[in-house]
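J.: In the numbering used here, the protein residues as written are 5 to 267. Sharing a structure with you now.
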Amino acid sequence: MSLPPITSIHNPKIQRVRALLGRRSEREEQSAYVVEGVRLLEEAAAAHLHPQLLLYTPDLAPRAQQLVHTFQKAGVECLPLAPALFASVAGTESPQGLLAVLPLPASQLPSQPNFVVIADNLRDPGNLGTLLRTSAAAGAQALLLSPGCADAFSPKVVRSAMGAHFRLPMWAAAWDEIAAWIHQHSLSVFLADANLGQPYWQVNLRPPLALVIGSEAEGPGPQSAALATGYLSIPMPGGVESLNAAVAAGILLFEVARQRAAA
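Set out below in structure tokens:
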């Protein structure tokens, strides 16, 4: 017998989801975050992740219904919500009637790193999510998050990353911890800077390295500059002063991938 849809916003499980969507402190305290939408939950299922809770509306499309059945068979608690309640809880403007609470992943950094990305005070959630997705696509092994970065598990970052959370390890750490890890593994550190360094295609990016991406507004900070062994620039013949951080990252990340594929 199917369960009746939850209709009250005061239901404890609904209150929990709202708190996780709205506050970083709740995500950190509960060690959990929210993933919403069919595509992202298909990615989670493909990665064999086990949600703590799945909420759905009874009027799902067949593709979404199949996901509910998949998680139910895996023993996930799956609860129906009245559509109006789901719409008031969801973090998207056009909700697909499906969201899940997932545990925050453990930081499993590579034991022999040769290509990692450091986000230096990257505060914009959209930029951080795009950086995460692009890093995964280019074959980076991890994303290190310096103090001051946006919360990697906020709803906007999760949506922008389009499933990269399930593929790319992340580690939020203090600068001294990041520096110690970089030195332990003897990585060269390259900073992207509009005004310093050689054009990126003239630099050998095949050896083990960390690529630092700073915010568009402020650029690399003093802590990452202290780590730097080299700078990369992106020449802009059009006279534009700077690129969006995520766009610049895409250019440089895929240059690393190109050089290594051609080696």
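Ideal placement from N, C-alpha and C gives every residue a C-beta, glycine not left out. Bear in mind that the values here come from a model prediction, so they are computed numbers and not experimental data.
Within the same chain, show all residues whose beta-carbon is closer than 8 Å to that of residue 2, passing over the 5 residues directly before and after it, in chain order.
T.: The first residue shown for the chain is 5 and the last is 267, placing residue 2 beyond what the model contains.
J.: On the DSSP letters alone, give me the boundaries of the alpha helix (DSSP H) that residue 185 sits inside.
T.: Counting from 1 along the sequence shown, the entry for residue 185 is found at position 181. 179 to 188 is the extent of the alpha helix (DSSP H) around residue 185.
J.: State yes or no: is the C-beta of residue 83 within less than 8 Å of the C-beta of residue 10?
T.: Sequence index remark: in the sequence shown, residue 83 carries index 79 (1-based). Sequence index remark: in the sequence shown, residue 10 carries index 6 (1-based). Against a cut-off of 8 Å, the Cβ pair of residue 10 and residue 83 comes out as a contact.
J.: Could you tell me the boundaries of the beta strand (DSSP E) in which residue 165 lies?
T.: Looking up residue 165 in the sequence shown gives position 161. Counting along the chain, residue 165 sits inside no beta strand (DSSP E); it lies in the alpha helix (DSSP H) bounded by residues 159 to 165.
J.: Do you know whose CA, among 147, 155 and 184, lies nearest residue 174's CA?
T.: Position 170 of the sequence shown holds residue 174. Residue 174 has its Cα closest to that of 147, out of 147, 155 and 184.
J.: Mapping the DSSP letters down to three states, classify residue 239 as helix, strand or coil.
T.: For this step, residue 239 is matched to residue 235 along the sequence shown. Of the three classes helix, strand and coil, the one that applies to residue 239 here is coil, per DSSP.
J.: Kindly give me the distance between the Cβ atoms of residue 255 and residue 214, rounded to whole angstroms, as I take these residues to be in contact under 8 Å.
T.: Here residue 255 is taken as the residue at index 251 of the sequence shown, counted from 1. Here residue 214 is taken as the residue at index 210 of the sequence shown, counted from 1. That belief does not hold up - the Cβ atoms of residue 255 and residue 214 are roughly 17 Å apart, past 8 Å.
J.: So does the stretch 28 to 46 actually touch the stretch 93 to 111, counting three or more Cβ pairs closer than 8 Å?
T.: yes
J.: Which residue comes first and which comes last in the beta strand (DSSP E) that contains residue 192?
T.: Position 188 of the sequence shown, counted from the start, is the residue given in the question as residue 192. It spans 192 to 196 - the beta strand (DSSP E) in which residue 192 sits, taken as one unbroken run.
J.: Quick one, are the C-beta atoms of residue 101 and residue 119 less than 8 Å apart?
T.: Here residue 101 corresponds to residue number 97 of the sequence shown, with the count starting at 1. Here residue 119 corresponds to residue number 115 of the sequence shown, with the count starting at 1. Between residue 101 and residue 119, the gap from beta carbon to beta carbon reaches 8 Å or more.
J.: Around the Cβ of residue 96, are there at least 16 other Cβ atoms within 10 angstroms (buried) or fewer (exposed)?
T.: Position 92 of the sequence shown, counted from the first residue, corresponds to residue 96. Exposed is the call here.
J.: Can you name the start and end residues of the beta strand (DSSP E) that residue 107 belongs to?
T.: For the purposes of this step, residue 107 is taken as residue 103 along the sequence shown, with counting starting at 1. Here the beta strand (DSSP E) through residue 107 covers 102 to 107.
J.: Relative to the C-alpha of residue 41, which residue among 24, 61 and 30 is closest?
T.: Here residue 41 is taken as the residue at index 37 of the sequence shown, counted from 1. With distances taken between Cα atoms, residue 41 lies closest to 61.
J.: Is the Cβ-Cβ distance between residue 133 and residue 160 less than 8 Å?
T.: Here residue 133 refers to the residue found at position 129 when the sequence shown is read from its first residue. Here residue 160 refers to the residue found at position 156 when the sequence shown is read from its first residue. In this structure, residue 133 sits near residue 160, with a CB-CB distance shorter than 8 Å.
J.: Let me know if residue 13 comes out buried or exposed under the rule of 16 or more other beta-carbons within 10 Å of its beta-carbon.
T.: Translated into positions along the sequence shown, residue 13 becomes position 9. In the assembly as shown, residue 13 is an exposed residue. Its beta-carbon has fewer than 16 other beta-carbons within 10 Å.
J.: If you pair each beta-carbon of the stretch 42 to 55 with each one of the stretch 16 to 33, do three or more pairs fall below 8 Å?
T.: no
J.: Can you list, in chain order, the residues of its chain whose CB lies under 7 Å from that of residue 209, leaving out five sequence neighbours each side?
T.: Residue mapping note: residue 209 aligns to position 205 of the sequence shown, counting from 1. Taking C-beta separations shorter than 7 Å and ignoring five residues to either side along the sequence, the partners of residue 209 in its chain run 259, 260 and 263, following chain order.
J.: With the cut-off set at 8 Å, would you say residue 211 and residue 237 are in Cβ contact?
T.: As a first step, residue 211 must be located in the sequence shown, where it is residue number 207. As a first step, residue 237 must be located in the sequence shown, where it is residue number 233. No, Cβ-Cβ distance for residue 211 and residue 237 is not below 8 Å.
J.: Work out the CA separation of residue 189 and residue 253 for me, nearest whole Å.
T.: Translated into positions along the sequence shown, residue 253 becomes position 249. Translated into positions along the sequence shown, residue 189 becomes position 185. In this structure, the CA atom of residue 253 is about 22 Å from the CA atom of residue 189.
J.: Please state whether DSSP places residue 10 in a helix, a strand or coil.
T.: In the sequence shown, counting from the first residue as 1, residue 10 sits at position 6. Looking at residue 10 - three-state DSSP - the assignment turns out to be strand.
J.: How many Å lie between residue 1 and residue 25 at the Cα?
T.: Residue 1 lies beyond the stretch modelled for the chain, which goes from 5 to 267, so this question has no answer here.
J.: So, for residue 59: in the same chain, excluding its five sequence neighbours on each side, which residues have a beta-carbon less than 6 Å away from its beta-carbon?
T.: Your numbering for residue 59 matches position 55 in the sequence shown. Here the set comprises 83, 85 and 103.
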